[in-house]
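Line order of the protein sequences matches chains V and D. Under the numbering used here, read the first sequence as residues 1 to 395, first letter to last. Under the numbering used here, read the second sequence as residues 1 to 353, first letter to last. Here a beta-carbon is modelled for each residue, glycine too, at the ideal position from N, C-alpha and C. Okay, structure first, notes after.
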Amino acid sequence: MTDADLQAEVEAWLAANWRGAPPREESFGRDPRAEWLAQVRDAGWAVPRWPRDWYGRELSAEQAKIVERAFAAAGAPGAGQDRSNLWANTALAHATDSFKRVIVPQLLAGEVGMCLLYSEPGAGSDLAAIRTRAEKVEGGWRVTGQKIWTSGAVIADYGMLIARTDWDVPKHRGISFFFLPMRQEGVEVRPLRQITDESHFNEVFITDAFVPDENLLGPLNGGWGVLQTALAYERSVMGDMARGARSGAAGAKGDHAMLELAREAGKLDDPVVRQDVAQVIAWRVLNKLNTQRAKAELAQGTSSSIMSLGKLAMSRILHEEGRLRTELLGPESLLEGPDHPRAEDANFLSLNAYFTSIGGGTDQIQRNIIGERVLGLPKEPEIDRTIPFREVRAG
Amino acid sequence: MTDATMNQEERTALRDTVRRLFADQCTESDVRRIMESDSGHDPALWRSLAELGIAGLLVAAGTGGSQLSAVELKLVMEEAGAALAPVPLISTAMASVLLDGELAEALAAGRTIAAVALLGALDWTGGSNVRIEGGRAQGTARFVPDAGIADIFLLASDEGVHLVERASAGITPLPTFDRTRRMADVRFDGAATRIGDGAAARRARDIGLVALAGEQTGGARRIFDITVDYARERHQFGRAIGSFQAIKHMAADLLLEAESATSAARDAARQVAEGAVGKDAAVALAAFACADAFLRCAKDGIQMHGGIAFTWDHPAHLYLRRARSGVQLFGDSRVWRDRYVAALDAMQREMAA
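Next up, the structure:
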């Protein structure tokens with residue numbers, strides 16, 4: 001099929017079917033546009049890069065872009081899920097055929113809510129140290145443990161779970177990956193109150209919850225490998241989202257917001273404030289220039305080391321912006337509440353900066369990754385890498 | 001000035017050519033030899049650069065130049081900065097903006113070397129007191145780069161640009177801490193020919209800043225590479241020191257600085273070449289971002305090496321000296337951060353109006 005034929009086909013299909021749908025509100029729950037998404041899926045536009053047996057059209061990356069662009073031009077959702085749907089991609093790559101037949105169509109239509117059950121109170125940066133256990137029973141597994149930092153757990157139908165299935169091998173080799181049904185006795189979700197006084201995350205307490213055999217993804221005790229592909233999809237989705245956000249509203253005005261604030265505070269002529277304002281704006285602009293350069297290098301096919309620096313750069317920007325906003329306010333920053341929006345902003349941003357500098361890998365872990373994967377520096381010796389997990393010191 | 005620009009392939013070829021030249025003719029021992037010389041200048045290397053069209057990089061094709069833009073200048077300066085090349089590239093780039101005709105031709109051919117003294121509001125040293133009245137220049141310009149080897153002097157201020165012959169200039173070479181970047185105090189007493197206005201002077205200063213930003217980026221990158229290579233190879237406590245997070249985390253932070261400098265220098269070069277509206281802000285940003293990045297990479301690079309880099313024979317201190325001298329050429333980072341805010345402020349006001 002030629003590019004022109006494809007474009008004509010997708011545009012004709014959209015013209016015949018797309019009538020507009022309600023906006024999406026919750027990124028983890030059931031999708032209010034499920035009916036439309038099912039139509040997109042059945043027409044083969046949701047995952048055009050995928051095999052024909054699995055709702056796809058086996059299109060090349062370039063041709064799939066044509067489909068995505070046509071959907072974007074019409075303002076219609078649902079295309080490009082072969083890049084953006086973390087859950088469906090993970091399931092397609094690793095689930096058993098019988099489970100795939102059930103779950104993949106539901107995931108593509110947004111008919112099931114999903115959440116991530118990875119981190120635990122005792123396994124944050126050291127994710128392979130999880131202690132949630134899955135024990136073999138008739139027809140499946142019984143799971144017991146505690147998960148944390150779970151978004152969307154309240155409305156989730158399934159959680160992508162990593163649990164320990166063998167305690168007598170080193171930590172990376174005794175982990176398995178499951179789709180855990182969330183709506184059952186034995187799965188209790190409690191909202192987690194953050195330092196910002198918001199609750200975006202939950203703790204999930206799992207007590208003897210059941211997961212059927214067919215919900216195991218990848219080989220038994222091969223969960224670490226499945227997790228790596230899931231994390232890679234997650235990073236690429238996050239990267240797409242971040243790029244989308246940056247090319248949107250923020251722009252130069254967003255970059256230079258601190259200038260506006262300093263002017264409003266009547267402190268733009270204070271030489272010390274000017275130094276701080278310049279440095280904070282500079283970091284933001286430099287980060288944007290770095291990202292543009294990285295994208296250009298990737299487009300040319302040369303690998304770019306700059307992408308991995310963005311999160312570390314953003315941590316510093318957010319923390320320093322919080323500090324500077326607070327300095328500009330002075331004692332007003334003692335206050336909170338709707339009558340003091342500038343104080344609310346300064347205080348919220350100062351605390352929420354940790355969302356970036358801790359979440360998704362702390363700055364310290366990020367520096368390890370840059371040092372090891374970008375600069376080729378050797379890893380620290382890991383004393384627990386080769387001994388049975390049962391013998392690893394915890395706590 | 002209409003600048004021909006190169007495509008990506010041609011730029012890569014230019015960079016490779018210059019890189020090879022420096023690898024061949026500007027090794028560390030060459031640099032050290034020139035450091036010990038009276039002039040601090042490498043005439044043989046300068047001849048080779050002139051033959052390649054690098055001395056005349058910005059000079060119009062009609063007067064024997066390569067007629068390229070700030071973008072290519074930055075590219076060449078990255079290589080020169082990495083090699084610590086002891087040649088008057090920055091002065092020559094600035095002079096290219098100010099000269100035409102026979103003088104431009106002599107500049108491009110490498111026959112004439114021009115030193116540029118920034119005066120008035122463009123003078124950051126605060127020590128110059130040159131007055132130009134009735135076609136005569138009188139007074140002293142301080143810390144003039146490449147003055148010792150200059151054949152002509154260009155006095156550039158907001159009031160305009162004047163040319164003074166060497167015969168009317170009394171030169172006192174200075175004992176510079178960075179032996180690869182020589183300077184002199186110059187006492188003028190003689191005829192001064194007006195050759196340009198204040199706008200030309202500011203253009204020359206901007207070109208100087210782009211060149212310096214490129215030099216600093218190249219220097220930062222080279223000392224960073226030297227440091228990370230060493231961290232991979234040097235073993236203590238039975239393991240490569242780069243495996244220790246104390247070292248690894250410093251390296252990650254320096255990579256961010258070096259990459260940011262690369263982006264800042266590139267953006268400033270592009271905006272100056274295009275005469276874009278944001279060029280003042282971009283030049284100011286590059287001025288402090290590249291200076292700070294080079295200084296930090298050079299300083300932390302020595303710390304990460306440990307004792308070996310505290311020795312004269314190790315090249316790390318040559319980069320630190322270069323990083324420290326560059327900061328003093330057009331204004332330090334404090335000055336440029338202040339001007340960055342001023343440029344952004346002016347841009348916002350213009351957009352609002």
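Please say whether D:Thr193 and D:Ala151 have beta carbons closer to each other than 7 angstroms? The sequence given here places Asp at residue 151 of chain D; Ala does not occur at that position. It is not a contact, given that the beta carbons lie outside the stated cut-off.
Under 7 angstroms from the C-beta of D:Leu75: neighbouring residues of chain V: Near D:Leu75 there are no residues of chain V at all, since even the closest Cβ is about 14 angstroms away, more than 7 angstroms.
Whether V:Ala64 touches V:Leu14 by CB criterion (7 angstroms): Taking 7 angstroms as the Cβ cut-off, V:Ala64 and V:Leu14 do not qualify as a contacting pair.
Would you decide whether D:Tyr340 is buried or exposed? Buried here means 16 or more other CB atoms lie within 10 Å of its CB. By the neighbour-count rule (16 or more Cβ atoms within 10 Å), D:Tyr340 is buried.
Quick check: does the Cβ of D:Val31 come within less than 6 angstroms of any heavy atom belonging to the ligand ATP? Among the components of this structure there are no ligands whatsoever, and the ligand ATP is therefore not found.
V:Glu264: contacting residues in chain D (beta-carbon distance under 7 angstroms): Chain D residues near V:Glu264: none, gap ~12 angstroms exceeds 7 angstroms.
Are the CB atoms of D:Ile34 and D:Asp42 within a distance shorter than 7 angstroms? yes
Output needed in chain order: residues of the stretch 349-381 of chain V with a Cβ under 8 angstroms from some Cβ in chain D. Gln364, Gln366, Arg367, Asn368, Ile370, Gly371, Glu372, Val374, Leu375, Gly376, Leu377, Pro378, Lys379, Glu380 and Pro381
Between D:His235 and chain V, is any beta-carbon pair separated by less than 7 angstroms? no
Counting only Cβ pairs nearer than 8 angstroms, list the residues of chain D close to V:Val285. Here the neighbours are Leu285.
How far does the alpha helix (DSSP H) with D:Ser372 in it extend, from its first residue to its last? In the structure as shown, chain D begins at 1 and stops at 353. Residue 372 of chain D is therefore absent and cannot be evaluated.
Ordered along the chain, which non-local residues of its own chain (more than five positions away) have a Cβ less than 8 angstroms from that of D:Ala207? The question names Ala, but residue 207 of chain D in the sequence shown is Ile. Leu58, Ala70, Leu73, Ala93, Met94, Ser96, Val97 and Val272, listed in sequence order.
Can you tell which of V:Leu286, V:Ala134, V:Gly359 and V:Gln39 has the C-alpha that lies nearest to the C-alpha of V:Leu161? V:Ala134
Going straight from the alpha carbon of V:Pro77 to that of V:Ala156, what length do you get? 21 angstroms
CB-CB length for V:Glu320 against V:Val280, believed under 8 angstroms: 5 angstroms
Ordered along the chain, which non-local residues of its own chain (more than five positions away) have a Cβ less than 6 angstroms from that of V:Glu400? Examination of residue 400 of chain V is not possible in this model, given that chain V is present from 1 through 395 alone.
Leaving out five residues before and five after V:Glu372 in sequence, what residues of the same chain have Cβ atoms less than 6 angstroms from its Cβ? Lys379
Does the stretch 100-119 of chain D touch the stretch 129-145 of chain D, meaning 3 or more C-beta pairs lie closer than 8 angstroms? yes
What three-state label does DSSP hand V:Ser176 in the structure shown? strand
Kindly indicate which residue of V:Pro32, V:Gly124 and V:Ala61 has the alpha-carbon position closest to the one of V:Leu108. With distances taken between CA atoms, V:Leu108 lies nearest to V:Pro32 out of V:Pro32, V:Gly124 and V:Ala61.
In the stretch 20-73 of chain V, which residue ranges form an unbroken alpha helix (DSSP H) of at least 4 residues, counting only runs that do not cross its ends? 34-43
With 7 angstroms set as the bound, which would you pick, yes or no: does the beta-carbon of D:Ser333 sit closer than that to a beta-carbon of chain V? no
Quick one: Cα of D:Glu274 to Cα of D:Ile302, how far? 38 angstroms
On the three-state DSSP scale, how would you describe D:Ala353? Three-state DSSP puts D:Ala353 in coil, outside helix and strand.
Endpoints, alpha helix (DSSP H) assigned at D:Tyr319: Residues Ala316 to Gly326.
D:Gly139 versus D:Ile171, D:Gly110, D:Asp16 and D:Ala104, residue with shortest Cα-Cα distance: It is D:Ile171 whose Cα lies nearest to the Cα of D:Gly139.
Where the alpha helix (DSSP H) through D:Thr125 begins and ends: Per DSSP, D:Thr125 belongs to no alpha helix (DSSP H) and is neither H nor E.
7 angstroms Cβ cutoff, V:Leu309 in contact with chain D: yes
Below 8 angstroms on the Cβ atoms is my contact criterion, and I expect V:Leu289 with D:Asp267 to pass it. Report the Cβ-Cβ distance as a whole number of Å. 5 angstroms
Does V:Val40 pass the burial test, meaning 16 or more other C-beta atoms within 10 Å, or should it be called exposed? buried
Can you have a look at V:Ala249 and say buried or exposed, based on whether 16 or more other CB atoms are within 10 angstroms of its CB? In this prediction, V:Ala249 has a pLDDT of 39, which is less than 50 and means its spatial position is unreliable; what the coordinates show is noted afterwards. Looking at its Cβ environment, which holds fewer than 16 other Cβ atoms inside 10 Å, V:Ala249 is exposed.
Taking just the CA atoms, how far does D:Ser157 sit from D:Ala201? 6 angstroms
So which of D:Asp292, D:Met250 and D:Ile149 has the shortest CA-CA distance to D:Ala264? D:Asp292
Short Cβ contact (7 angstroms threshold) for D:Gly405 with D:Gly218: Outside the modelled stretch of chain D, which goes from 1 to 353, sits residue 405 of chain D, for which no answer is possible.
Listed by chain order, chain D residues near V:Ala76 by CB distance under 9 angstroms: The contacting residues do not exist; V:Ala76 stays about 35 angstroms from chain D at best.
Does any residue of chain D have a CB that is nearer than 7 angstroms to the CB of V:Ala313? Among the residues facing chain D, V:Ala313 is included, as its CB has a counterpart in that chain under 7 angstroms away.
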